[in-house]
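Chains as they are written, first to last, in this note's numbering: chain A, 1 to 298; chain B, 299 to 596; chain C, 597 to 894; chain D, 895 to 1192. Data block below; observations after.
Protein chains: 4
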Amino acid sequence: MQLGVIGLGRMGGNMRERVRAAGHEVVGFDFDPTVRDVDSVAELVTRLSGPRVVWVMVPAGEPTRSVIAELSGLLGPGDLVIEGGNSRFSDDEFHSAVLGERGIGYLDCGVSGGVWGLDEGYGLMVGGDDADVARAMPIFDALTPEGKREDSFVHAGPVGAGHYAKMVHNGIEYGLMQAYAEGYELLAAEPRITAPDAVMGAWRQGTVVRSWLLDLLVAALRQDPGLSSISGYTEDSGEGRWTVEEAISHAVPVPVISAALFARFSSRQPDSPAMKAVSALRQQFGGHQVRSMEAVQS
Amino acid sequence: MQLGVIGLGRMGGNMRERVRAAGHEVVGFDFDPTVRDVDSVAELVTRLSGPRVVWVMVPAGEPTRSVIAELSGLLGPGDLVIEGGNSRFSDDEFHSAVLGERGIGYLDCGVSGGVWGLDEGYGLMVGGDDADVARAMPIFDALTPEGKREDSFVHAGPVGAGHYAKMVHNGIEYGLMQAYAEGYELLAAEPRITAPDAVMGAWRQGTVVRSWLLDLLVAALRQDPGLSSISGYTEDSGEGRWTVEEAISHAVPVPVISAALFARFSSRQPDSPAMKAVSALRQQFGGHQVRSMEAVQS
Amino acid sequence: MQLGVIGLGRMGGNMRERVRAAGHEVVGFDFDPTVRDVDSVAELVTRLSGPRVVWVMVPAGEPTRSVIAELSGLLGPGDLVIEGGNSRFSDDEFHSAVLGERGIGYLDCGVSGGVWGLDEGYGLMVGGDDADVARAMPIFDALTPEGKREDSFVHAGPVGAGHYAKMVHNGIEYGLMQAYAEGYELLAAEPRITAPDAVMGAWRQGTVVRSWLLDLLVAALRQDPGLSSISGYTEDSGEGRWTVEEAISHAVPVPVISAALFARFSSRQPDSPAMKAVSALRQQFGGHQVRSMEAVQS
Amino acid sequence: MQLGVIGLGRMGGNMRERVRAAGHEVVGFDFDPTVRDVDSVAELVTRLSGPRVVWVMVPAGEPTRSVIAELSGLLGPGDLVIEGGNSRFSDDEFHSAVLGERGIGYLDCGVSGGVWGLDEGYGLMVGGDDADVARAMPIFDALTPEGKREDSFVHAGPVGAGHYAKMVHNGIEYGLMQAYAEGYELLAAEPRITAPDAVMGAWRQGTVVRSWLLDLLVAALRQDPGLSSISGYTEDSGEGRWTVEEAISHAVPVPVISAALFARFSSRQPDSPAMKAVSALRQQFGGHQVRSMEAVQS
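Okay, structure coming up:
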């Protein structure tokens, strides 16, 4: 079948390649003229025969909103938009409504797999109507790993469910990463462990903690023993925050996911205002020494 | 080569089978006469030609201590004991010293893999001297998955390092399990996710969170949709506690691993004394309603 | 001066009394005819000479919105509304704008003190313009404890700042309560502590942990030793959730406040879906026993 | 009555002064010749008429052990030692046994109040026999604030109970301090709060969160607005660690106290090894940028 793809960055570019390799015809647009097949969204739309399917793979927020708006003017009844970016699930109802007014179908699709998805296939979580899902199924099959569909694809529920599932996936990811990281720090702190990197490496097969993330961490340790070349300053990209917010709104306790999120916040603070207050308190009641800013800076 | 195995339960029995399948001669003892090859530890020792290698695979604490003591009287210089149970690493120095006085070598070996190790191979983390490790290497190779040794075996350091590494492995495991569990609870709480079990299933391939633990959780969900037949009451077996204790002693922050441990503690409390206090406080300052024990019990 | 008060529940009723005791004239309205001074908001407005000051003390959300809407039609330029309920700070800009269109001033005021405020005075945190604050100062002075104004009153910033400060106050309160509660549970679990209630009692004077909340907890323990008559089921009323949400939006780590919030969520779960998943996992990989629902229910 | 005091530092020196002010005769020894009344422990013992009461107020661990050992040789049947330092409760049984062999009584006493205790009185938590407690009661009464004894003194249980109660007291203190600190950081991060220091100040009276610790924090903020002169580097002194260890051994969930402890650990790390691992993982799977050590250092 035919597919239009808008956004040909690290993710969208690889996805175009993987869908093409499965024998489909893909027309891609991007602001970067060196990677695109057509020079405008309008041209992309004219290059597809109706009913069209267009995959939007641009950054969440304003860029996605603006592409959806543009498509709502160019596509028509019977066409279908798949929004595959990292949008907050709460954006989907709006996007679906904007397109629905014009008779255009809408699916939201959470995509996992990162830069490895091109070769290994992606995990997909989709929200929307059954009929729209059925129609796009050849594309979904092209993107997921060959084999049992139920192990890499799910129609998670109505519009929004795909991004919701992806959000929770990423929240879990925060917790998993932090669990390995805490264990690694403890191994590195213990004198009787002479080879903490090799211990992590030996967990890749046979153990209960084996996983793809562990494989990646071992790869990083083998490239850069002791991770000496990188700092602990760690960004977060939104899904972890949304996961905790949703957990709060459902009264679901998420001590692990929230702890992982807060560890990232702390990693970005050169000094903690909260700990200044704790330190000040200790000085007040116990006459404990505090470390002055001068001492720290000199 | 020859190997004596003491303890033929779920783990030891499978390990005997796997080592035998690799072509080694294994003599096993257990209190259960239906599974053992010899009727006493003494007989096991006489059935092996020196220098002997004996693997101890009995519960941590008193059972292990008692087997080590018995072996110290039966084995002699040049023999080697491998302690493969879930002992606290701090027991190893004592065991090593008891045996060392008699010239008997000692390795501690953390074993991961559970009931699946028989077929898939185990992950092994070993502490002790290089020469002892080299001598037992054929056994370690038999137990680990075929392929790259460094992916399933590590000589982690001197005596105690094997159990230390296993302890950290299990601490990480607590965190990983809790991360998936929190995500699962959130999926199940969200109305727009119509198939939370299927979402977990679809993460098995292609996604960032794929892992062996996820495979197991999906297997459990496919056997028992919604996990409706089991309760949340969850035991802990020591390693999680030791991990947090060690982290404290090294001043390593472990918010995720400790949160996972505390969640298990909470799961076993029919009512929380701490939360009674919080509830009492709310009543005191705000006149908030509390739920009386009568209301709860009726 | 004159003050109108709308909402004469536990908080509003006491505040009317305290302001009257300071010599001001207060006209109160409530849906409950047995406590009110006038029979409608309209009558309340006519009973005050302009420029009027009206304190709104009704539940957050719809009730507050609806009173503000009604007042916007009854009051006029130069009048002033003080919104003293437990509203989310983000409601204040809307309320302020609704009233501002009619030339009516607006202050948001977080009020702390609970049922004790009548006798001991309240703590007040106010957001809005300097001129409005100055005008209402006699009322604020009547409500706060006599003595140093800076110890119980703050003009925290522009509109919204009062409720924001109150929200953070309550978030801290969650953490404080949980800290005492955890300590209490530990004392009660330790056999060598023969009198855990008395230990808490002995912390009321001289110690570093002395506080008003501790006084209340001790009062509760003296009324109900061991808190045997109440359950741990604990509600939360919104501010704790908002505090964590705001912390996330500012990338401020709040491990303690969030842990206190999650403990309340857990206290309300008869069984934890997350811990079912952990328990299922343990059974899968280790053959560990799980507790079936039947065992729990029988 | 008479009292010997060994250790005249910040705590012991003030306690001597307070007990003297209550009309008792106090003989003090310290290594520092400028503060002591006698030149040796032996001289101190001879200066007291039997049966003697000696208060030991030296650092926990080796210093306390060594003083106890010395006293066991100098005191005799009927004499009484009160160990008032910050010892781990598990030391008390040993100390009690050492002295008990010589017929010397033993009480352990947790002391709270810091440098303020001289004027305000201390909070005391005592472990040991009834008869010993009764005998030392005049000293305890001299040290605690005047008024209701039950509000500042508790006989918490047998030997060890005093230090256990003090340990829990300090664990709670960690949680309280962190709760205020998190709230302070959030206030300081929110633009609409124009005066975060003043908000904390206004909580001193009337509010639910008022406490002695809050008073101290406000004092610190009034001395050093924004706490700009001190760093967040915060020590911990043992009791917080012991509290978490004990909670683990009793399977008591302490998410708040442990979070407060870990926040101190983190405050002392110039870079977090765990977060290096998280950052490395993000780079591996997503091609996310990491911050190199060079970038951080330059």
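For every residue, glycine included, the Cβ atom is placed at its ideal position computed from N, Cα and C.
Are the Cβ atoms of residue i and residue j separated by less than 7 Å?
i	j	result
Gly292 (chain B)	Gly206 (chain A)	Coverage of chain B is limited to positions 299 through 596, which leaves residue 292 (chain B) absent and any answer about it impossible.
Val1020 (chain D)	Leu1037 (chain D)	no
Glu977 (chain D)	Val950 (chain D)	yes
Val466 (chain B)	Leu221 (chain A)	no
Ala1082 (chain D)	Pro273 (chain A)	yes
Thr234 (chain A)	Ile257 (chain A)	no
Gly1051 (chain D)	Arg788 (chain C)	yes
Asp337 (chain B)	Leu306 (chain B)	no
Val254 (chain A)	Glu471 (chain B)	no
Met871 (chain C)	Gly348 (chain B)	no
Leu525 (chain B)	Ala876 (chain C)	yes
In its own chain, which residues sit with a C-beta less than 8 Å from the C-beta of residue i, not counting the 5 before and 5 after it?
i	result
Ser298 (chain A)	Confidence at Ser298 (chain A) is low in this model, with a pLDDT of 41, below 50, so its placement is unreliable and no value can be given for it.
Asn312 (chain B)	Val413, Gly415, Leu416
Val352 (chain B)	Leu301, Gly302, Val303, Ile304, Leu342, Val343, Leu346, Leu369, Leu373, Asp377, Leu378, Val379, Ile380
Pro673 (chain C)	Arg698, Gly699, Ile700
Ile962 (chain D)	Val950, Val975, Glu977, His989, Val992, Leu993
Ser862 (chain C)	Ser868
Glu146 (chain A)	Gly121
Asp820 (chain C)	Ile826
Leu1108 (chain D)	Tyr1074, Met1094, Trp1097, Arg1098
Below 8 Å on the Cβ atoms is my guess for residue i versus residue j; work out the distance and round it to an integer in Å.
i	j	result
Asp236 (chain A)	Leu261 (chain A)	6 Å
Val98 (chain A)	Gly128 (chain A)	Between Gly128 (chain A) and Val98 (chain A) the Cβ distance is about 14 Å, and since that is not below 8 Å, they are no contact.
Ser1105 (chain D)	Ser807 (chain C)	3 Å
Leu965 (chain D)	Val935 (chain D)	7 Å
Glu480 (chain B)	Gly175 (chain A)	7 Å
Pro138 (chain A)	His24 (chain A)	7 Å
Glu488 (chain B)	Tyr164 (chain A)	6 Å
Glu1140 (chain D)	Glu543 (chain B)	Incorrect: roughly 11 Å between the Cβ atoms, too far for contact.
Go through its chain and collect everything with a Cβ distance to residue i's Cβ below 6 Å, but skip five positions before and after it.
i	result
Met905 (chain D)	Met951
Val874 (chain C)	none
Ala60 (chain A)	Gly85, Asn86, Ser87
Ala161 (chain A)	Gly127
Asp687 (chain C)	none
Asn468 (chain B)	Glu537
Does the beta carbon of residue i come closer than 7 Å to any beta carbon on chain F?
i	result
Thr790 (chain C)	The structure shown contains no chain F; its protein chains are A, B, C and D.
For residue i, which residues of its own chain have a beta-carbon under 7 Å away from its beta-carbon, when the five flanking residues on both sides are left out?
i	result
Ala561 (chain B)	Gln476
Val431 (chain B)	Leu405, Val424, His453
Ala1030 (chain D)	Val947, Leu974, Ile976, Leu1001
Val892 (chain C)	Confidence in Val892 (chain C) is poor, its pLDDT being 47 and thus under 50, which makes the residue's placement unreliable; the coordinate value appears in the next sentence. Excluding positions up to five away in sequence, the list is empty.
Val615 (chain C)	Leu599, Val622, Ile735, Ala738, Leu739
Gly286 (chain A)	none
Ile631 (chain C)	Note that residue 631 (chain C) is Val in the sequence shown here, rather than Ile. Within the same chain, Val631 (chain C) has close Cβ partners Leu604, Gly609.
Glu17 (chain A)	Leu118
Checklist line | Interface positions of the segment 1022 to 1055 of chain D facing chain C (Cβ-Cβ less than 9 Å), listed along the chain | finding: Leu1037, Thr1038, Pro1039, Gly1041, Lys1042, Arg1043, Glu1044, Asp1045, Ser1046, Phe1047, Val1048, His1049, Ala1050, Gly1051, Pro1052, Val1053, Gly1054, Ala1055
Check: Which ranges would you report for the beta strand (DSSP E) in the segment 11 to 69 of chain A if only whole runs of at least 3 residues count?
Finding: Correct list: 25 to 29, 53 to 56.
Item checked: Unbroken stretches of the beta strand (DSSP E), 3 residues or longer, contained in the segment 677 to 727 of chain C -> 701 to 708, 719 to 723
Item checked: Contacting positions in the segment 44 to 69 of chain A - beta carbon closer than 8 Å to chain D -> none
Note to self: For a minimum of 3 consecutive residues, which ranges assigned as the beta strand (DSSP E) are wholly contained in the segment 447 to 481 of chain B?
What the structure shows: 451 to 455
Checklist line | Residues from the segment 540 to 551 of chain B in contact with chain D, defined by Cβ distance under 8 Å | finding: Val542, Glu543, Ile546, Ser547, Ala549, Val550, Pro551
Notebook entry, point to check: Name the residues in the segment 321 to 340 of chain B whose C-beta lies less than 8 Å from a C-beta of chain A; which are they?
Noted result: none
Check: Taking Cβ-Cβ distances below 7 Å as the criterion, which residues of the segment 775 to 809 of chain C are in contact with chain A?
Finding: Val804
Notebook entry, point to check: Unbroken alpha helix (DSSP H) runs of length 4 or more, entirely within the segment 804 to 873 of chain C: which are they?
Noted result: 808 to 819, 835 to 845, 851 to 863
Checklist line | Within 8 Å of chain D by C-beta, residues of the segment 856 to 886 of chain C in sequence order | finding: Ala856, Phe858, Ala859
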